[in-house]
Amino acid sequence: MIGDGFDPRPWTLVLIGLGVLLGIVRLLLWQRSAPVAERSPPVRLALLGGLQMASGLLLFLCLFPPSDTVRAGALFVATEATQQPSDLQPGDILVALPEAGAIEGAVRVPDLATALRQFPDASGIRILGQGLPPRDQGIAPKDLVYDPPAAPRGLIEVALPDRVAAGASFSVGGQIGSLPRGSIELVDPAGTVASRRPVAAGTRFIVTGTARTPELALFTLRLRDASGGTVEQMTVPVQTRNEAPPRVRVLAGAPGPETKFLRRWAGEAGIDLGLDIDVGAGVQLGDGRTAITRAALADIDLLVIDDRRWEGLGASERSILTDAVSEGLGLLLRPTGTLSPTSRREWAAMGAPLTGAGDSVATRLDPPSAVGEQAGRSDTRTRDPVVELTRRELADPGSDAVSLLRSADGVALASWRSRGRGRIGVWTITDSYALVLTGDDARYADLWSDLFSTLARASGDNPAKIEGLVLTGRRTQVCRIEGTATILAPDGTQGALLTDPQSGDQACGAYWPALDGWHVVRDGQGRETPFYAQSRTSAPSLAIWADRQATLALTGAVGPARGTSRTGSPGSSWPWFAGLLVIAALLWWLERRRPAKA
Amino acid sequence: MTAAPILRARQMAARRRAGLDALAIGLPVTLLLAVLGWRLFDLAGLAGGVLVGSAGLAAFAFSRIRPLDRDWLIRQLDARLPQFEDSSALLFQDSGQASGLAALQRNRLLSRLPQAASIDLAPDWSRRAITVMWAAGAALIVAILVVPATDRAPGPLASTDSKAVAGPPRITGARLRITPPAYTGLPVREQLTLDARVPQGSRIEWTVALDPAPVSAALTFPDSVPVALQRKASSWAAGRTIDAPMLYRIEAPGLARQRLSRIDVVADAPPEVRPEGTVGQLVMVRPGQTRWTPAFEATDDYGVQSAALLRITVTQGDGENITVIQRTSTLTGSGPARARLFSTSLDLAREGMAPGSDLIVQLVVSDNRAPERQTVEGPSIILRWPSDLALADGLDGLAQPVMPAYFRSQRQIIIDTEALVAQRRRLPADQFVDRSNAIGEDQAQLRLRYGQFMGEEAEGGGGGGLALPTNDEPARPALPTNDAEPAPRRPAPVEDHSGHGHAEGEHPVEPGSPEAVLAQYGHAHDTGESATLFDPGTRSTLAQALDAMWSSERALRQGRPEDALPFANRALELLKDAQQATRIFLPRIGSRLPPIDLSRRLSGDREGIVADRLIRPTPPPVDTVPVRAWRALEERPGSRQGAPLPLSELERWVASNRGRLSDALALTAAIDTVRNEPGCLPCRRRLRALLWTALEQPTARVQRRDALNERGRRYLDALE
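As they're listed, the protein sequences go chains A and B. Going by our numbering, the first sequence opens with residue 1, and the numbers climb by one from there. Going by our numbering, the second sequence opens with residue 1, and the numbers climb by one from there.
Listed below in structure tokens is the structure:
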């Protein structure tokens, strides 16, 4: 390319134009001055003029040959499942990453970085196929051109459950690719379908299962097409840990079935739950008086209190309670009647602002998930309709409030907010025991398990945490590593896990599992965290979709990289020079030639 | 022409014999070909074998018949009959051709021709050839039928090369011959897999090929005594009758320990009886009906005995005076054995039916199970002849069959009585008494009507014990009714059960019965069994009303209407009271409050009021045997990998919880496999999958949330 400062082309064009003009003027002058008999016929005159203009143009082109004959090509990167590209133009460079199959005429490169180093002057990068693998996503420039193929058929997104409480239900959510019609089913370890839902292209789904005894279990998520054939299936690892049960105290102002059934469930679930019912006038029922002191509250994990008991607390007790929540205690408020304005104010100050009249209204829980066949005692869950419950018309309208449970018509029945390190929840249902009475005790246990799990004080035991879905051969992030951690693969091999200093106190490290199956992260304190590496072959759509979305995120806003940029190297002058020579010779011959006088 | 029809007949006889002889010799070959073809190529082979064999047989027979031509006949005649003087050939010459001496000799022979009639030219049966051929053919056919079966059985457990190799014995083939019990009518079948699903009572014969042959071999069953396999030529055989699902394995000295195989049993279902042609179980007599044809359909999975017993019960009489006549008759079913139709026609008059009678029929069928049959009493059908059907005679049921009973109300009785008292002076004495008596009769009717609410004991005073019209005691001798819903047909046809409503189906209400009165005048919310109709106050009010009615009636019958009026008015008042008390109370059970300490009452003394400590519910055991096994089978690397697997404990647990488990046999088999092949990962996975079904679903526990790290805690503290 010629330097940016001065472009001689316009000046040259002006000079040549002036020369041509001079030549034509000279011709005309000659014509006028010649005697009439010797004047040229007008045809010859026009021919001469035309040839002069053509020679001027050719001279310019000879000096500045147009450079558009050679364009700098785009870099075409073939990734997984790339078809042989048909729209390559001269100058385009086709490289193939290791994931791509056999591509004719492609330069094989081990990764995108190598391709970028080998072809630094490519005018743009165009990605073909399913998208860049995670290896190349980090170094790819931000203005890729990528025309993604159609979504894969199978499971494109799956959210697997985190740790599950023993006996509690868990849900697996996800999204289906382009499969037009089919069904998704969750199969329990014994091969029985626990939950089944119809799906169509692009639908999101949630299927639920129930964990049983502590430790590891493998469920299966299976996508079937309309004819019943398996499209994809993946393993759903479910971990249940035997954890120290929370210490819960229930303060109530009156005995009632709600506390009775709560106590019964807690006994079955191994929760240390103490009931303290103050019936007034110094008479007390239950397991014993709960002292509202700082020390006593530090020893428990969750306090459940109803409005009547709250009103019976002294001011100092309330402030001690509020402080204890800030230090991590969970507090569940259980309005059972019309709230007094004082209580409302106090609860709002504490972090549970409630609106609503507080009247008793009927509500209904969501019907249980559409379960095709469910094993065990969860057959009670298939019963329809769900029993009608009563709730207090109170709600936390704040955007900070997280709703834990919604009724069938979308009203929040339980919500919580955090205060300091603790959490304050509000439970507006007053007769959840009706679920047990109607035979739905599993649902009852589920609800309260969810509530207690969310609100109770956090446990001090913090093992390593594995982020996201683990697929063999792909990067897995392990966080909260303490000390020198090792990873045990299913075949028993051990590998040290290095902590990335840049991850700060998240203390993360990366691991690339090679085998599918249970792995264990053992941290410096000897604690073990199992995680399951999925085989990539059983549900390939997940990885394909992840790569595709990541690659799409890297595409720039600019238009396609095709032919926008040209190389600066000037084209060859020789053809133009030859043309100039021919025209000049013709001009010379035409000018010299005198018609023979007859 | 030759005069030799006699000779011809001899020849024909000989030819026939030769043909039959050839057929007898060649037929085994044809059969052999047919059997071979069938064995090798099934039906097409059979047809081909028959065709080829028949063609060969025909050719063979023809070749045996053809030599018996005229020359042979002439030779035979010359040889056998010296009277023909070696000139038999002349007999077959044309008479015109013979001349001279030849013609003379021919005529001589012709005159001796009758002597030829007695000779038997037929060749003897070639007995030896026939015997040999049939014996060899039969042996070969048997061999073909038996041998290829074992040849075709490479066996699921067999390795591919069948060469005899030294070393421990291996199972190179196994065949199960399953003979279902004869009564099932199922064909004998054979299979090459060791797992089987057989009808109950089937006999299974195992044929096992072991290579190289061990010293002995046996089928061992974990739950019962082993069965020794008997050696037969190259294979081993044993048999056993299967009555319950079981596991077994083949064992032999030196034979690698086999996995347990499983035999499932399909139990014979008892027959099912379904009334045919009636909706519900109650049929009402149509006016003019003289015969009744109840029909039942009995279905069974293998077959119903064609003879069945029909129990016929006829009730006669009304009210409390009911007699029951029972008899049985034998029916013969029609139709296929699996769905027989039983039907009979009963003459109502001969059965002793009268208005108010019930005719109850019940079919008792049994299936053809051996050794003991399964007998089932089907649902009964009741033919009811309502007592007042005669009212509608001739109207063909158009008229309402039950006429309401009209009677005067208490208020009407009072009005009538007052009118009678007012007319006293104008009426003659006896007419006055008559009318008074008539009103008394009305009063009696009304009293009886209300008495029905209170039980029949209310008659004649009413003050005594009040037996309520509940169904607590059977009013009649127990009838052999089977109120269970008739079982649906086995393929579960879509049936309309709309006829099973409460009004007419199961508990038909007899007109005039207490239930009917209640249904007509009252409104019961509860079932008859558990009802106490009225609260005690209403009951006593009604009783007093009855009392008053009785007094009123007594006065009226004695011709003293003035004396009756106060009682009648009182009865009316009481009735109105009772009408207003329409609530029906049910006693509540369950709340047992402690007695009230009256000494403390209203004193304000709270000293010593302490609630009992609540008993802590004991959580269900967590660490059960299946849970430990489930945990030990976990495929997690790390410290917990070598946890001991409590297989023996688990096996004992399975044995003691057999009834609770959905498939205890599979679990037992899986435990056995894991024990014998500790390194088999798929076997461990299978055991773990089966254990999932054995695990109790625990109550949902609580999951503790993760604590934050130091930075997170600081962040939350700062937020506050």
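Every residue gets a Cβ at the ideal spot worked out from N, C-alpha and C, and that includes glycine. Keep in mind that this is a model prediction, so the values were computed, not measured.
Boundaries for Asn569 of chain B: no beta strand (DSSP E) harbours it, while the alpha helix (DSSP H) harbouring it runs 561-580, taken from the DSSP string.
Here Ile487 of chain A is bridged, per DSSP, to A:Gly495, A:Val521.
When rounded, the separation of the alpha-carbon atoms in Val386 of chain A and Phe205 of chain A is 22 Å.
Identification of chain A residues near Ile609 of chain B by a Cβ-Cβ cut-off of 7 Å yields Val283, ordered along the chain. Look at Asp717 of chain B here: in three-state DSSP terms it is helix. Residue-level contact check: Thr699 of chain B touches chain A, since one or more beta carbons of chain A fall below 9 Å from its beta carbon.
Around the beta carbon of Phe342 of chain B, a 10 Å sphere encloses 16 or more other beta carbons of the protein chains shown; the residue is thus reported as buried. Secondary structure note for Asn107 of chain B: its alpha helix (DSSP H) is the uninterrupted segment 101-116. The three-state secondary structure of Trp292 of chain B, taken from DSSP, is strand. A residue is called buried when at least 16 other Cβ atoms come within 10 angstroms of its Cβ; Tyr511 of chain A meets this threshold and is buried. Under the three-state reduction of DSSP output, Cys508 of chain A falls in the coil class, being neither helix nor strand.
Residue state for Tyr450 of chain B is assigned as helix, using DSSP reduced to three classes. In the three-state reduction of the DSSP assignment, Gln362 of chain B falls in the strand class, which pools E and B. For Ser503 of chain A, no CB of chain B lies under 9 Å from its own CB, so it is not counted at the interface with that chain.
Residues of the stretch 229-247 of chain A whose Cβ lies closer than 9 Å to any Cβ of chain B, in chain order: Thr240, Arg241, Asn242, Glu243, Ala244, Pro245, Pro246. In the three-state DSSP reduction, Ile583 of chain A falls in the helix class (H, G or I).
Secondary structure of Val622 of chain B (DSSP, three-state): coil. Residues of the stretch 514-529 of chain A with a Cβ closer than 9 Å to any Cβ of chain B, in chain order: Gly517, Trp518, His519, Val520, Arg522, Gly526, Glu528. Gln316 of chain B has B:Thr323 as its beta-bridge partners, per DSSP. Using beta-carbon distances, Asp211 of chain B does not count as an interface residue toward chain A, since no partner is under 9 Å.
The beta-carbon of Lys142 of chain A is placed no less than 9 Å from the nearest beta-carbon of chain B. Apart from the 5 residues on each side of it in sequence, Thr363 of chain A sits with its Cβ closer than 6 Å to the Cβ of Leu389, Arg391, Ser407 in its chain, given in chain order.
In the same chain as Leu73 of chain B, and ignoring 5 residues on each side of it, the C-beta atoms closer than 6 Å to its own belong to Gln11, in chain order.
Taken through DSSP and simplified to helix, strand or coil, Val411 of chain A comes out as coil. If you check each beta-carbon in the stretch 655-687 of chain B against every beta-carbon of chain A, none falls closer than 7 Å. The shortest CA-to-CA distance from Leu554 of chain A to any of A:Pro397, A:Ala348, A:Leu132 is the one to A:Leu132. Looking from the CA of Ile242 of chain B, the closest CA among B:Gly100, B:Arg177, B:Arg704 belongs to B:Arg177.
Between Trp416 of chain A and Leu447 of chain A, the C-beta gap is not smaller than 9 Å, which leaves the two residues out of contact. Contact annotation: Glu553 of chain B and Arg447 of chain B have beta-carbon atoms nearer than 9 Å.
Listed in chain order, the non-local C-beta contacts of Ala102 of chain B below 7 Å within the same chain comprise Leu90, local neighbours out to five positions each way being set aside. Rounded to whole angstroms, the separation of the alpha carbons of Leu32 of chain B and Leu140 of chain B is 7 Å.
The Cβ atoms of Pro646 of chain B and Ala632 of chain B sit closer than 9 Å to each other. From the listed residues B:Ile360, B:Lys576, B:Gly185, the smallest Cα separation to Tyr450 of chain B is found for B:Lys576. Taken in chain order, the members of the stretch 488-512 of chain A whose beta-carbon sits within less than 7 Å of a beta-carbon on chain B are Leu488, Ala489, Pro490, Gly492, Asp505. As the crow flies, the alpha-carbon of Thr208 of chain A is around 48 Å from that of Val107 of chain A. For Gly638 of chain B, the nearest CB of chain A lies under 9 Å from its own CB, placing it at the interface with that chain.
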